[in-house]
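Novice: Below: one structure in structure tokens.
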Amino acid sequence: MKFNLFLFLYFSFLIVILKAQSPRLSRKHTSCSGVVEESILLKDAEVVFRVNSHKLYRKEYKGRQMFVCNSQYYSSFDEAVECLKKVNLAFRNQKSKNRLSKDPYEEFNIQCYLGTTYLGNKIWRKVWKDCDYKCFSPFNYKVLKMKLVEEMNEIRKHYNSPPLSYSATLSKLAAKHAAKMAKYGLVPYYTHNPFYNTLSGAVLYLAANTMVNKWYEESKYFDFINFKPRKGLSAFTQLVWKSTRSVGVGVAGKNHVLYIVFAFYPKGNAKNKFSKNVFSRQE
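Under mature numbering (1 follows the signal peptide of the UniProt record, and there is no 0), read the sequence shown as residues -20 to -1, 1 to 263, first letter to last.
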């Protein structure tokens, strides 16, 4: 009897130890509201859209471009955005079940969309101050376009690059690309033109003024010693590319999403030209 009791206690203790030592899925916590993401599902995935702390990812899956929302794959960007809006709304309603409002952006927090670099955020605050959606949206987003270019030029000052001039011609080209993005849900949008280069993205309309700030985050990972191009950093290098002189901006909206395209001339990110066009930051 005592022997049986000893075996029971021994194996019970062993099970507890094994459970304590069993590996768990790696998880990542966001800084804004504690949303948890499965790192295994999102391996090699790229964030292309977000609503507060909830993120929408793009990744290659079985040879196709797919979007990931709430641990589910979507072939359509628009469908994935709708999923993200529902996830955000459900999260907010769960926090306050008695809430009457059904606005998924009621607790919108711009801080969730800003990057982490000191210089990037310092410049963002200088350029945008209190200019929110109501400020930058009138007249076909005229203020948004001008201030995004202003923010770029503030960044370029610190990398020994001359300011970009705003081009109406390039803006018309960028507007066509943005309209195509909005119509077909193309994120990101790629062009292959020998004369100008494009950067594009999709963003929640309330956070459209964070687009350049987000791209500047890439500066943290650029190799300023060898000045070699690296996959995933082409937005930053184009932003500060010294030989580029002009830029155009196009904006198109669909539902709650703004599609923004920048067209640069002359085009940057030219092979074997990085050391002459991308410089270390000057204080």
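We put the CB at the ideal spot given by N, CA and C, even for glycine.
Being a predicted model, the structure only gives us computed values, none of them experimental.
Starting from the N-terminal side, write out each stretch of the alpha helix (DSSP H) that is 4 residues or longer and does not extend beyond the region 116 to 161.
Specialist: 118 to 137
Novice: Exposed or buried, what is V27 when buried is set at 16 or more other beta-carbons lying within 10 Å of its beta-carbon?
Specialist: exposed
Novice: For Q218, count neighbouring Cβ atoms within 10 angstroms of its own Cβ and tell me buried if that reaches 16, exposed if not.
Specialist: buried
Novice: Could you give the distance in angstroms between the alpha-carbon of R261 and the alpha-carbon of P142?
Specialist: 14 Å
Novice: Which complete beta strand (DSSP E) runs does the region 172 to 205 hold, if anything under 3 residues is left out?
Specialist: 177 to 184
Novice: If A243 and A154 are in contact, beta carbons under 8 Å, what's the gap, nearest whole angstrom?
Specialist: 4 Å
Novice: With distances taken Cα to Cα, identify the nearest neighbour of L213 among W221, F202, S223.
Specialist: When each option's Cα is compared against that of L213, the closest is F202.
Novice: Should the region 188 to 207 be called in touch with the region 91 to 101, which here means at least 3 C-beta pairs below 8 Å?
Specialist: yes
Novice: Could you name the residues of the same chain whose beta carbon sits closer than 7 Å to that of Y41, not counting the 5 residues immediately before and after it, in chain order?
Specialist: Y53
Novice: Taking A182 as the reference, which of F259, K222, D110, D58 has the closest Cα?
Specialist: D58
Novice: Report the rounded CA-to-CA distance for L179 versus Y85, giving the unit in angstroms.
Specialist: 27 Å
Novice: So, is L5 buried or exposed, given that buried needs 16 or more other C-beta atoms within 10 angstroms?
Specialist: With a pLDDT of only 31 at L5, under the threshold of 50, the placement of this residue in the model should not be trusted; the figure read from the coordinates follows. L5 is exposed by the Cβ-count criterion.
Novice: Flag this pair as yes or no: are the beta carbons of V220 and I135 separated by less than 8 Å?
Specialist: Taking 8 Å as the cut-off, the Cβ atoms of V220 and I135 count as close.
Novice: What did DSSP end up calling Q91 once you bin it into helix, strand or coil?
Specialist: helix
Novice: Would you report the Cα separation of residue 264 and L166, rounded to the nearest angstrom?
Specialist: Given a span of -20 to 263 for the chain in the structure shown, any question on residue 264 remains unanswerable.
Novice: Output the boundary residues of the beta strand (DSSP E) element that contains V241.
Specialist: From DSSP, the beta strand (DSSP E) with V241 extends over 237 to 245.
Novice: Could you pull out every residue in the same chain whose Cβ sits closer than 8 Å to the Cβ of P246, ignoring the five residues on either side in sequence?
Specialist: Correct list, in chain order: F175, Y176, S223, T224, R225.
Novice: Rounded to a whole number of angstroms, what is the C-alpha to C-alpha distance between F47 and S145?
Specialist: 35 Å
Novice: Where DSSP assigns a beta bridge to K39, which residues make up the other side?
Specialist: M46
Novice: Beta carbon of L186, beta carbon of F119: below 8 Å?
Specialist: no
Novice: Can you give me the start and stop residues for the beta strand (DSSP E) that residue 277 sits inside?
Specialist: Outside the displayed span of the chain (-20 to 263) sits residue 277, for which this structure offers no information.
Novice: With 16 other CB atoms within 10 Å as the buried threshold, where does Y139 fall?
Specialist: With 16 or more Cβ atoms within 10 Å of its Cβ, Y139 is classed as buried.
Novice: Would you call N206 buried or exposed, if buried means 16 or more other Cβ atoms sit within 10 Å of its Cβ?
Specialist: exposed
Novice: In whole angstroms, what separates the C-alpha of V237 from that of W108?
Specialist: 20 Å
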